[in-house]
Structure formats: C-alpha cells, structure tokens
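Enquirer: Taken in order, these protein sequences are the chains called A and B. Using my numbering, you'd call the opening residue of the first sequence number 3 and step up by one each time. Using my numbering, you'd call the opening residue of the second sequence number 3 and step up by one each time. Using N, Cα and C, we set each Cβ at its ideal position, and we do this for glycine too. All values derive from a computational prediction rather than experimental measurement.
Protein chains: 2
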Amino acid sequence: MRTGRPRSFDRDEALEGATAVFWEHGYDATSIALLTSALGIGAPSLYAAFSDKRALFLEALDRYLRTYGAFTERALAEESNARAAVERLLREAAAAYSRPDRPRGCLLITAATNCSPQSADIAARLRELRAVGARTIEDKIVAATRAGELPAHTDAHALATFYAAVLQGMSAQARDGAAKTDLERIAEAALQAWPSAASDGTDDRAGPAHK
Amino acid sequence: MRTGRPRSFDRDEALEGATAVFWEHGYDATSIALLTSALGIGAPSLYAAFSDKRALFLEALDRYLRTYGAFTERALAEESNARAAVERLLREAAAAYSRPDRPRGCLLITAATNCSPQSADIAARLRELRAVGARTIEDKIVAATRAGELPAHTDAHALATFYAAVLQGMSAQARDGAAKTDLERIAEAALQAWPSAASDGTDDRAGPAHK
DNA sequence: GCATATCTCTAACGGTCGCTATACAATTGC
DNA sequence: GCAATTGTATAGCGACCGTTAGAGATATGC
C-alpha cells in the first residue's frame, strides 16, 4: 500500500465540485478561495492534488465533456439518421442545460466568454473544442446528404453552424433563467430549419441550408 | 467659463474607448489598468470623470444601447410587419456582430456571462435588459397575431424566446470567429421557424410556435 | 519503537485588484 | 500679479489574487 498520510478527501469528488464551480462562474471569475471553500479543503491540498488552477480547470473540463457534456457526441454517434441525431441533440440539451441540480447552461460554451488577456489560451482551447463539436455535426450532415437523406445541395457548413448557434443560444437562455419547456420550444423551432426531404434544392423554405 | 485646469482628454471619446474594452473583455475581466492604458489617461483622471468602474460600465452600457445596439429597437419599432421586423433584426445583427472595426458579438449579451459573486448585480442588470428586449419581440408578435398577420394560436412567448436565443447564438458564433455570411445563414435558417401565414394552427411545420 | 513518506495547516510570498491622498500643473476671475 | 479652482502624475492604500514554504499530523515499512 501507499505510504504516507492519506488524503483526507476524495479526489474525484473534489474534481466534481470544482467542475460545478467553474461551470457556474467560468474560469477567470473562479478564485482559489471560492474553490477551497466550496470543496472544504485547504489550498495546499488542492495544489498537491491538481497542480494549479489551469490544470484543475482543464481536468474539470475533460471530466465535464466525458460526463455531463457527453450527450452531444452520443446523439450524433448513436442515431443513424442525421435529422434524428440533431433532434435528439437539441432535446437532450434542453434537459441538460436546465437541470435544477446542476449549474445552468453548458460549461464548454460559457466558461471562458469573458476572460482577461492572460487566460486567452483557455478561451482559445474552449473555442477549439466547440469548433470540433460543430464539425462533428457538419460531418453528420455531409454523410446524410451523401446517403440521400438530405437534398444534394444542402449547405452542411451553414446548417451545422446554425445548430451550433442554437445550442449556444439555448445555453445562454438557460443561464438567463429559461424553463426547460422554453428550451424545448427553442429546439422545436430550430428543427423547422431542417431541409425537408422532399426538397429539390429550389424550395424557398429550405433556402438557407442550400447554396 | 469654467474655472480650473481643463481636462486633457475628451470625455465622450474616453467613454467610447471604455465601451470597446468592456465589449471585448466583459465587466470583470476588464481591469482599471487595461482601461487606463487603452484610453491613454491616468487612473485618477478616469475616476474623476466616471466615479468608479461600475458607474463607468453602466454609462458605457447605456451608450452602447443608444448607438451600436440601437438597431434592435429600431427594427422592431420602424417595421410595421412583425415578420419583416424580425428579419431585419436578425440581418442587422449579423452585420453588427461581425464588423471588423468593432469587438465581435453583443456587449449586452456577453459582457457579464462569467462574473464573480461580487458583480452579480451587474449580471442581473444585463439579464434584466435582455429580458426587456425579448419582451419587446414578444409584444411585436402579440400585436401581429391580433392583427391577423400570424395564426391566432401563435405562442408569442415561445417564438420570441427562440429569436432571443438565436441572437445570443449569433453573438457567440461571432465571438468564435464566424464570418458575416455565416451569421446571415444562421439568420435565414432561423426565419424558417416563422409561422406561415397560411397556417391554421394545426400545421405541424408551425408546431413549436403554437400551443 | 523509529525512519520515511505524504498530506494538512498556518502563514506568508510577490503581484495585481479597485481606488485615492497628496503634490504639482494649468486654467479662470479679479 | 495672486487667489481660487480643477485636472494630472506619482505613489501607495488595504484587499484579494494564485501560489508555496515550513511546521505539524498521520499513515506505512521494518
């Protein structure tokens, strides 16, 4: 067994708590004092377990994406139909962003919206990860278009950017206090922009999703 | 004439500069040092002219809403047709959020997304102003519904919340580096959710905007 | 028991935060 | 000219920032 005085707290529990604080206040506005008081541990213990604030945030982010935020990848991977995947994505986001037992909105979207110049790299990292997510949606749409599920002239990039924007808007609305049903209605409205299968690419209603 | 040593800078120019800094970094992440170096004036001059950081922000916010952000109110007030008003609102937002000579996105939407507990009142104020904006859209939709411009069963609150979310999503996308054309395509896609005039309230395509 | 290893606590580091006292500069009124 | 008034520059306030040294606590190995 490992020698020395054992840690007085559960590391994963602390990481969970830190995730919640970062989720609520974002990277810059979360101070070490806020973290230590929320976790009930001293600063030296926190530093011994997680190196420093930046590393702790990145680990919390990673954990978030593998748990609370994993529904996005799952929806896109598990649904074979692209429209069903996006619908599930939006509906699960409506639920995930408004859960009463968790901070509202999405950590990936909100945690580094306002940041000082010295944490610009954190903001850049989150932006990059959001771009990966948007790209995953776009790839799904491209594949569906090739499979004939969508009109041949579908502008996958524009459509993916639209749904990425809707997710960001839903996160913002959740933070502004929107109810789960409000978010669900946003999701339903956004699905109206999905190009109809009957479209031949000249249909005005599907305009923005075509070139 | 006014006695004493004259101010060495133009107050309104300084306010303009401060607006840009707050717009870029948000309230909390904007330090006095960042402001004074950007404006080229000393801290005592800034405090003499604007009281303190909070008052300066609120004044910059007020100025922003009367200038850069005024297009929202204008679009809703000047267009008699609700659909035309929302379309103009979204298109002007696409342009306003991506102007190369200004910070990207919307100050009202982004300036207090991440904030420490001690600036919670600033965040609350911005949230309140956003709610007023959403309410203005909702009122426009209610009036249009009464005028027969929209189906009688139109859910004005849901539709207004959707477009408020789209604006927030467009602002986020602009901050993430989306091009003006990307934002325009988001606007076009969002307009697909507008209930068709021919709808009788049982049309599935207009579902989310009806009760 | 004792050495060793690891964690926790108190206290404090240098740096930056928002903000301001004080001294000096520049103007008007007379 | 000189008093009065107001802005600017330097320098520093107390508070908090992220972070860590040093001392004490608590486990294992033998």
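Please state if the CB of Ala97 (chain B) and the CB of Leu185 (chain B) are separated by a distance shorter than 9 Å.
Expert: In contact: Leu185 (chain B) and Ala97 (chain B) (Cβ atoms closer than 9 Å).
Enquirer: Since Ala1 (chain A) and Met172 (chain B) should fall inside the 8 Å C-beta cutoff, what is the C-beta to C-beta distance between them, to a whole number of angstroms?
Expert: In the structure as shown, chain A starts at 3 and stops at 213, and residue 1 (chain A) therefore has no counterpart that could be examined.
Enquirer: Counting only Cβ-Cβ distances shorter than 9 Å, please list the residues of the segment 157–173 of chain A near chain B, keeping chain order.
Expert: So the list reads Asp157, His159, Ala160, Leu161, Thr163, Phe164, Tyr165, Ala166, Ala167, Val168, Leu169, Gln170, Gly171, Met172, Ser173, given in the order they occur along the chain.
Enquirer: Should Glu132 (chain B) go down as buried or exposed, given a rule of 16 or more other Cβ atoms within 10 Å for buried?
Expert: Sequence check: residue 132 (chain B) is Arg here, not Glu. Arg132 (chain B) is buried by the Cβ-count criterion.
Enquirer: Within the segment 11–96 of chain A, note down every full beta strand (DSSP E) run reaching 3 residues or more, in order along the chain.
Expert: Fully enclosed beta strand (DSSP E) runs of 3 or longer: not present.
Enquirer: Can you tell me whether Ser53 (chain A) is buried or exposed? The criterion is at least 16 other CB atoms within 10 Å of its CB, across all chains shown.
Expert: Exposed is the call here.
Enquirer: So is Thr5 (chain A) buried or exposed if we call it buried at 16+ other beta carbons inside 10 Å?
Expert: When all chains shown are included, Thr5 (chain A) counts as exposed.
Enquirer: So, are the CB atoms of Arg93 (chain A) and Ala160 (chain B) less than 9 Å apart?
Expert: Cβ distance not < 9 Å, so Arg93 (chain A) and Ala160 (chain B) don't count as in contact.
Enquirer: Within the 9 Å Cβ cut-off, does Leu36 (chain A) reach chain B?
Expert: Taking Cβ atoms only, chain B reaches closer than 9 Å to Leu36 (chain A), which makes this a yes.
Enquirer: Drop a sphere of 10 angstroms on the beta-carbon of Ala136 (chain A), count the other beta-carbons inside from all chains shown, and report buried for 16 or more, exposed for fewer.
Expert: Buried is the call here.
Enquirer: Would you report the Cα separation of Thr74 (chain A) and Leu91 (chain A), rounded to the nearest angstrom?
Expert: Going from the Cα of Thr74 (chain A) to the Cα of Leu91 (chain A) covers about 6 Å.
Enquirer: Is DSSP giving Thr204 (chain A) helix, strand or coil here?
Expert: The predicted model places Thr204 (chain A) with a pLDDT of 43, which falls under 50 and marks its position as unreliable, so this point remains unresolved.
Enquirer: CB-CB under 6 Å to Arg207 (chain B), same chain, minus the five flanking residues each way: which ones, in chain order?
Expert: Confidence at Arg207 (chain B) is low in this model, with a pLDDT of 41, below 50, so its placement is unreliable and no value can be given for it.
Enquirer: Taking Glu140 (chain B) as part of the alpha helix (DSSP H), name the residues at either end of that continuous run.
Expert: Segment 122–148, the alpha helix (DSSP H) holding Glu140 (chain B).
Enquirer: Mapping the DSSP letters down to three states, classify Thr115 (chain B) as helix, strand or coil.
Expert: Three-state DSSP puts Thr115 (chain B) in coil, outside helix and strand.
Enquirer: Between Leu109 (chain B) and Trp25 (chain B), which are expected to be in contact by the criterion C-beta below 8 Å, what is the C-beta distance as a whole number of angstroms?
Expert: Rounded, the Cβ-Cβ distance is 4 Å, consistent with contact.
Enquirer: Quick one: which residues of the segment 122–135 of chain A get their C-beta closer than 8 Å to a C-beta of chain B? List them in chain order.
Expert: Cβ contacts with chain B come from Arg129, Arg132, Ala133.
Enquirer: Should Val134 (chain B) be labelled buried (16 or more other beta-carbon atoms within 10 Å of its own) or exposed?
Expert: Looking at its Cβ environment, which holds fewer than 16 other Cβ atoms inside 10 Å, Val134 (chain B) is exposed.
Enquirer: Across which residues does DSSP place Thr5 (chain B) in a beta bridge pair?
Expert: Paired residues: none, contrary to the question.
Enquirer: So with CB distances below 9 Å, who are the chain B contacts of Arg187 (chain A)?
Expert: Those within 9 Å of Arg187 (chain A) in chain B are Asp157, His159, Ala160, Leu161, Thr163, Phe164, Pro210, Ala211.
Enquirer: Per the contact definition of three or more C-beta pairs closer than 8 Å, is the segment 15–35 of chain A in contact with the segment 61–77 of chain A?
Expert: Touching, per the Cβ criterion.
Enquirer: Tell me the residue span of the alpha helix (DSSP H) that contains Leu185 (chain A).
Expert: Taken as a continuous stretch (DSSP letters only), the alpha helix (DSSP H) holding Leu185 (chain A) covers 182–193.
Enquirer: Can you list the residues of chain B that Cys108 (chain A) reaches, using a CB-CB cut of under 7 Å?
Expert: By Cβ distance, chain B contributes nothing, its closest Cβ being about 11 Å from Cys108 (chain A), past 7 Å.
Enquirer: Thr112 (chain B) touches chain A at which residues, Cβ-Cβ below 8 Å?
Expert: Simply Thr115, Asn116.
Enquirer: Distance, Cα to Cα, Lys182 (chain A) vs Ala189 (chain A)?
Expert: Going by the C-alpha atoms only, they are around 11 Å apart.
Enquirer: With a threshold of 9 Å between beta-carbons, can Tyr66 (chain B) be considered close to chain A, or not?
Expert: It does not: the Cβ of Tyr66 (chain B) has no partner Cβ on chain A nearer than 9 Å.
Enquirer: Let me know the secondary structure DSSP gives Ser100 (chain A) once reduced to three states.
Expert: In the structure shown, Ser100 (chain A) sits in coil (DSSP, three-state: anything other than H, G, I, E or B).
Enquirer: Answer with yes or no whether the minimum CB distance from Arg177 (chain A) to chain B is below 9 Å.
Expert: With 9 Å as the cut-off, Arg177 (chain A) counts as an interface residue toward chain B.
Enquirer: Helix, strand or coil: how does DSSP classify Arg177 (chain B) here?
Expert: It is helical.
Enquirer: Within 8 Å: the Cβ of Ile188 (chain B) and any heavy atom of the ligand MG?
Expert: Judged by which ligands are present, the structure shown has none, so any question about the ligand MG falls away.
Enquirer: Can you tell me which of B:Gly28, B:Ser10, B:Gly179 puts its alpha carbon nearest to the alpha carbon of Ala102 (chain B)?
Expert: Sequence check: residue 102 (chain B) is Pro here, not Ala. For the residues B:Gly28, B:Ser10, B:Gly179, the minimum Cα distance to Pro102 (chain B) belongs to B:Gly179.
Enquirer: Go ahead and label Asp30 (chain B) buried or exposed: buried means 16 or more other beta carbons lie within 10 angstroms of its beta carbon, across all protein chains shown.
Expert: Counting Cβ neighbours within 10 Å, Asp30 (chain B) comes out buried, since at least 16 surround it.
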